[in-house]
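Engineer: Residue numbering for the sequence shown follows this note's numbering, starting at 3 and increasing by one per position.
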Amino acid sequence: MNKHVYRKIKGFRDIFGDEIYYWHIVEDNFKEIFNVYGYEEVKLPILERLEVFRKGLGDTSDIVDKEMFSFIDRDSQPVVLRPEGTASVVRFYIENNIFQENKIDRFYYYGPMFRRENPQKGRFRQFYQVGVEALGSASPILDSEVIKLSSEIFKSFNVNLNIQLEINSIGCQTCRQSYVSVLLEYLKSKSVHLCDNCNKKIDSNPLRVFDCKNELCKLTMQSAPEISSFLCKDCKNHFLEVKENLNKFNVEFVVNPKLVRGLDYYMRTAFEIVTDYFGATLAVGAGGRYDGLVKNLGGPDIPGIGFAIGVDRLVAVLKELKDVGKDIRFFVVYQNNSLMDFAIRLLNELRENHIKAFADYTGKGLKSQLRMANKYLADYALILGEEELNGNYITIKNMKDGQQKRLNRNDIVVAIKSKFIDGGVKCFQ
Ligand code: HAM
């Protein structure tokens with residue numbers, strides 16, 4: 003390749019071609035589902051003040067510690083490309099004074115997030131999240147609603163994605179304190195069996211040792227004490243109710259007592275939707291409750307819960323499992339230049355009626371227009387010649403098998419819609 007061609011930055015990618023159909027399907031589906039559940043979109047800035055995430059996610063979280071794209075702006079402000087959406091939503095919620103007594107505010111957001119992780123299968127430095135945040139209630143029913151909502155999105159593609167919903171309770175500040183001191187003792191006694199990275203985390207963020215992918219660390223953590231035996235009465239009851247409500251909402255889940263989340267703001271309910279598709283167990287979505295976050299970021303003491311789905315990962319799994327029909331395309335072909343006017347009118351009529359159509363504007367011969375139809379991946383060519391003009395019809399040619407038919411020019415739109423694109427091509431069948 004020419005050495006002067008500019009290349010994209012490591013961990014960043016162009017998303018195009020057939021893959022875009024999957025993105026559109028995911029986008030259409032989540033918009034419809036969020037609407038039903040009463041979640042409203044908020045479009046948030048991509049650049050935020052560094053402090054929003056430092057304070058929100060905690061200095062010892064991997065994201066803040068080593069993964070943020072941060073820089074000092076020209077006015078000496080430390081800023082970051084947002085690594086996630088929850089802290090941004092909470093900043094927005096406080097700044098715009100949204101809180102109202104006895105009301106749950108439900109938001110969703112969609113867009114790119116940035117983390118300077120080591121790129122690998124399913125892991126990028128720019129990736130897309132669609133997320134929801136529900137603020138204003140500590141009720142366990144809201145936890146179940148939010149988890150149900152996440153599962154509805156995965157169900158909406160009518161395909162078995164081979165994913166598993168795992169839930170856990172990581173307790174509140176009080177019960178976690180007694181748990182962490184017991185966990186610390188265990189980790190210190192096993193430090194020789196833990197990798198360097200985990201040893202570093204023992205003092206700064208001991209719960210994160212559960213997330214290490216190193217085989218020896220995983221084995222060591224199998225017999226580590228679990229938070230469930232340390233939950234206080236309120237946290238225990240809360241978790242019990244979440245599980246009961248999930249059953250009422252028809253949500254299938256497993257309790258994973260080793261599930262912890264890597265961000266400081268979580269408390270009580272934590273959940274992940276995991277898949278083995280990427281060669282290792284990776285989460286396609288994750289979330290949890292964060293009752294102290296609004297207060298921590300300077301707002302009133304308002305509880306909240308939410309989740310985010312990694313759209314790049316979801317699309318990768320979908321692509322593997324299901325063929326998605328592309329839109330049926332038509333290519334208008336005219337026999338000679340004197341028919342170009344008629345061709346353009348036909349092209350215009352098709353498009354005005356939302357039929358995907360192309361034509362050649364360069365005045366090439368019939369054969370070369372048909373070759374062009376193939377380049378545009380047209381399913382059908384609509385041929386317009388002198389005979390067609392005089393007989394007031396159009397010849398439609400199937401580009402795959404070459405079969406031809408005549409369609410009356412006057413009701414061509416109705417004929418195409420009912421006979422050639424009916425049955426829906428934009429959705430999974
Ligand atoms: P998270 O677990 O950091 O949570 O990310 C959520 C999802 O984003 C992951 O499950 C994964 O699918 C996707 N994801 C994360 N990092 C990458 C990456 N480098 N490449 C591709 N996909 C990635 C949060 O961000 C929380 N804000 C979720 C939340 C919302 N909790 C409460 N409300």
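Yeah, the Cβ is synthetic: ideal placement off N, Cα and C, and Gly gets one too.
In this text the structure is predicted, and so the values were computed from the model without any measurement.
Give me whichever residues DSSP pairs with Thr-277 in a beta bridge.
Structural biologist: One-based indexing of the sequence shown puts residue 277 at position 275. Looking at the DSSP assignment, Thr-277 forms a beta bridge with Leu-284.
Engineer: Taking the DSSP output, what are the residues bridged to Glu-168?
Structural biologist: Translated into positions along the sequence shown, residue 168 becomes position 166. In the DSSP output, where bridge partners are listed per residue, Glu-168 has Val-256 and Glu-274.
Engineer: When burial is assigned at 16 or more other CB atoms within 10 Å of the CB, is Gln-400 buried or exposed?
Structural biologist: Looking up residue 400 in the sequence shown gives position 398. It should be noted that the sequence gives Asn, not Gln, for residue 400. Label assigned to Asn-400: exposed.
Engineer: For Lys-5, which residues of its own chain have a beta-carbon under 8 Å away from its beta-carbon, when the five flanking residues on both sides are left out?
Structural biologist: Walking along the sequence shown from the start, residue 5 turns up at place 3. Nothing listed; no residue qualifies.
Engineer: Under a Cβ-count criterion, where at least 16 other Cβ atoms within 10 Å of its own Cβ denotes burial, should Asn-199 be classed as buried or exposed?
Structural biologist: Looking up residue 199 in the sequence shown gives position 197. Asn-199 is exposed by the Cβ-count criterion.
Engineer: Going by CA-CA distance only, name the one from Asn-298, Asp-278 and Asp-293 that's closest to Gly-306.
Structural biologist: In the sequence shown, residue 306 corresponds to position 304, counting from 1. Ranking Asn-298, Asp-278 and Asp-293 by Cα distance to Gly-306 puts Asp-293 first.
Engineer: Straight-line CA distance for Asn-162 to Ile-396?
Structural biologist: Within the sequence shown, residue 162 is the residue found at index 160, counting from 1. Within the sequence shown, residue 396 is the residue found at index 394, counting from 1. Cα to Cα, the separation comes out at about 43 Å.
Engineer: Take the Cβ of Thr-364 as the centre, count every other Cβ of all protein chains shown within 10 Å, and call the residue buried at 16 or more, exposed below.
Structural biologist: Here residue 364 is taken as the residue at index 362 of the sequence shown, counted from 1. Result: exposed.
Engineer: Please report the straight-line C-alpha distance between Glu-274 and Arg-210, rounded to a whole angstrom.
Structural biologist: Start at 1 with the first residue of the sequence shown, and residue 274 comes out as number 272. Start at 1 with the first residue of the sequence shown, and residue 210 comes out as number 208. Glu-274 and Arg-210: Cα-Cα distance of roughly 15 Å.
Engineer: Count the other C-beta atoms from every protein chain shown that fall within 10 angstroms of the C-beta of Asn-249, then say buried if there are 16 or more, exposed otherwise.
Structural biologist: On the sequence shown, residue 249 is found 247 positions in, with the first residue counted as 1. Classification for Asn-249: exposed.
Engineer: Measure the Cβ-Cβ separation of Ile-229 and Ile-149 and say whether it is below 8 Å.
Structural biologist: Counting from 1 along the sequence shown, the entry for residue 229 is found at position 227. Counting from 1 along the sequence shown, the entry for residue 149 is found at position 147. Result no, Cβ atoms of Ile-229 and Ile-149 do not sit closer than 8 Å.
Engineer: Can Val-415 and Ala-375 be called in contact, C-beta distance under 8 Å?
Structural biologist: For the purposes of this step, residue 415 is taken as residue 413 along the sequence shown, with counting starting at 1. For the purposes of this step, residue 375 is taken as residue 373 along the sequence shown, with counting starting at 1. In this structure, Ala-375 does not lie closer than 8 Å to Val-415 by Cβ.
Engineer: Taking only the alpha-carbon atoms, compute the straight-line gap between Leu-379 and Phe-333 and give it to the nearest angstrom.
Structural biologist: Reading the sequence shown from its first residue, position 377 is the one you call residue 379. Reading the sequence shown from its first residue, position 331 is the one you call residue 333. The straight-line gap from Cα to Cα measures roughly 9 Å.
Engineer: Starting from Gln-131 and walking both ways along the alpha helix (DSSP H), at which residues does that stretch end?
Structural biologist: Here residue 131 is taken as the residue at index 129 of the sequence shown, counted from 1. From DSSP, Gln-131 is part of no alpha helix (DSSP H) but of the beta strand (DSSP E) over 128 to 137.
Engineer: Please report the straight-line C-alpha distance between Phe-430 and Asp-30, rounded to a whole angstrom.
Structural biologist: Sequence index remark: in the sequence shown, residue 430 carries index 428 (1-based). Sequence index remark: in the sequence shown, residue 30 carries index 28 (1-based). Unreliable positioning characterises Phe-430 in this predicted model, as indicated by a pLDDT of 32, which lies under 50. The coordinate reading is nonetheless provided below. Rounded to whole angstroms, Phe-430 to Asp-30 spans 12 Å at the Cα level.
Engineer: Using C-beta distances below 6 Å, list every residue in its chain close to Ile-11, excluding the 5 sequence neighbours before and after it, in chain order.
Structural biologist: As a working note, residue 11 is residue 9 in the sequence shown. Taken in chain order, the list of residues that qualify is empty.
Engineer: Less than 8 Å between the C-beta atoms of Ile-204 and Leu-218, yes or no?
Structural biologist: One-based indexing of the sequence shown puts residue 204 at position 202. One-based indexing of the sequence shown puts residue 218 at position 216. No; because the gap between Cβ atoms is not below 8 Å, this pair is not in contact.
Engineer: Taking 8 Å as the cut-off, decide whether the C-beta atoms of Phe-129 and Gly-312 are in contact.
Structural biologist: What you label residue 129 is simply residue 127 of the sequence shown in a count that begins at 1. What you label residue 312 is simply residue 310 of the sequence shown in a count that begins at 1. Yes; because the gap between Cβ atoms is below 8 Å, this pair is in contact.
Engineer: Bridge partners of Pro-114, per DSSP?
Structural biologist: Within the sequence shown, the letter at position 112 stands for residue 114. Pro-114 pairs with Tyr-130.
Engineer: So does Glu-322 have its beta carbon nearer than 7 Å to some heavy atom of the ligand HAM?
Structural biologist: In the sequence shown, residue 322 corresponds to position 320, counting from 1. No, the ligand HAM has no heavy atom inside 7 Å of this Cβ.
Engineer: Is DSSP giving Arg-291 helix, strand or coil here?
Structural biologist: Taking the first residue of the sequence shown as position 1, residue 291 is located at position 289. Three-state DSSP puts Arg-291 in a strand.
Engineer: Taking the alpha helix (DSSP H) that Asn-199 falls in, what are its first and last residues?
Structural biologist: Taking the sequence shown and counting its residues from 1, the one referred to as residue 199 is at position 197. Taken as a continuous stretch (DSSP letters only), the alpha helix (DSSP H) holding Asn-199 covers 198 to 206.
Engineer: Cα separation between Tyr-95 and Lys-419?
Structural biologist: One-based indexing of the sequence shown puts residue 95 at position 93. One-based indexing of the sequence shown puts residue 419 at position 417. Approximately 46 Å, taken between the alpha carbons.
Engineer: Tell me whether Asp-61 is buried or exposed, calling it buried when 16 or more other Cβ atoms sit within 10 Å of its Cβ.
Structural biologist: Mapped onto the sequence shown, residue 61 falls at position 59. Label assigned to Asp-61: exposed.
Engineer: Using CA atoms only, rank isn't needed, just tell me which of Trp-25, Cys-214 and Phe-14 is closest to Lys-321.
Structural biologist: Indexing the sequence shown from 1 puts residue 321 at position 319. Per the Cα distances, Trp-25.
Engineer: Just the Cα atoms here: how many angstroms apart are Gly-289 and Gln-405?
Structural biologist: Here residue 289 refers to the residue found at position 287 when the sequence shown is read from its first residue. Here residue 405 refers to the residue found at position 403 when the sequence shown is read from its first residue. One C-alpha to the other measures close to 53 Å.
Engineer: Any heavy atom of the ligand HAM closer than 7 Å to the beta-carbon of Arg-118?
Structural biologist: The sequence position of residue 118 within the sequence shown is 116, counting from 1. Answer for Arg-118: no, Cβ out of range of the ligand HAM.
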